[in-house]
Amino acid sequence: GIARRIDRPVVLVGLMGVGKSTVGRRLAAVLGTDFVDVDEEIERAADRTVSEIFAAHGEAYFRDGERRVIARLMEERHGVIATGGGAFVDPATRALILERGIAVWLDCDVETLVERTGRRDNRPLLRTGDPRAILADLKQQRGAFYAEAPIHVVTDNGPHGETVQHILEAID
Ligand code: S3P
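The sequence shown begins at 14 in the UniProt record's numbering and counts up one residue at a time.
Written out as structure tokens, the structure reads:
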């Protein structure tokens, strides 16, 4: 492919299940750059899973760690970064990402989110009630924050390869 030069990390934001990690990994491969997943970095730093951190310390504690990890990642030279769905809702984190990265909002319908998040039981926020209702609420509550990203890519149930192409066109 064409060698593209991107001087800022591409930061994927959007709801749980939209495909940030899968798309991010593939996008990085196409761009010939590295990929970092924020949740994985948090789990490595804490030596616990996200679910364990929520269970042991609660969401506010998780958000503090998430903010610190993203601040560090934005300092390092990464090509593509996938955030957890709540990261971009935090004002300080959002400001940092908007200033230092190219934020891409991946967006899709609630049904697709329900299907994709249902494959694994690793989202503590979806355990507190009906996942469909929770995801619909989060979509409503967070939409205005995600919309601050300069790039908006709607994926719905399309193949991830297509999403990668849409992102490449948008950042070109
Ligand atoms: C969260 C999303 C998760 C993870 C945590 C909280 C959220 O990441 O960070 O469970 O608030 O939307 P994914 O978007 O990768 O599932």
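A virtual CB, placed ideally from N, CA and C, is assigned to each residue, including glycine. Because the structure is a prediction, the values reported are computed rather than measured.
Residue span of the beta strand (DSSP E) that contains residue i, given as start and end
i, result
"V117", "115-120"
"A59", "Segment 51-59 is the alpha helix (DSSP H) holding A59; no beta strand (DSSP E) there."
"V127", "Looking at the DSSP string, V127 is not in any beta strand (DSSP E); the run it does join, the alpha helix (DSSP H), is 123-130."
"A95", "93-95"
Helix, strand or coil at residue i [DSSP, three-state]
i, result
"L25", "strand"
"V31", "coil"
"A162", "coil"
"D169", "coil"
Local Cβ density within 10 Å of residue i, reported as buried at 16 or more and exposed below that
i, result
"P144", "buried"
"residue 2", "The displayed coordinates of the chain run from 14 to 185. Any statement about residue 2 would go beyond what the structure contains."
"G174", "exposed"
"E128", "exposed"
"residue 189", "Residue 189 lies beyond the stretch modelled for the chain, which goes from 14 to 185, so this question has no answer here."
"A69", "exposed"
"E79", "buried"
"Y74", "exposed"
"T96", "buried"
Distance between beta carbons of residue j and residue i, contact taken as under 8 Å
i, j, result
"P22", "G114", "5 Å"
"V166", "I180", "6 Å"
"G98", "L28", "5 Å"
"V49", "I55", "Contact doesn't hold; Cβ gap of about 11 Å is too wide."
"L119", "V36", "6 Å"
Span of the alpha helix (DSSP H), counted from its first residue to its last, around residue i
i, result
"V177", "173-184"
"D77", "72-88"
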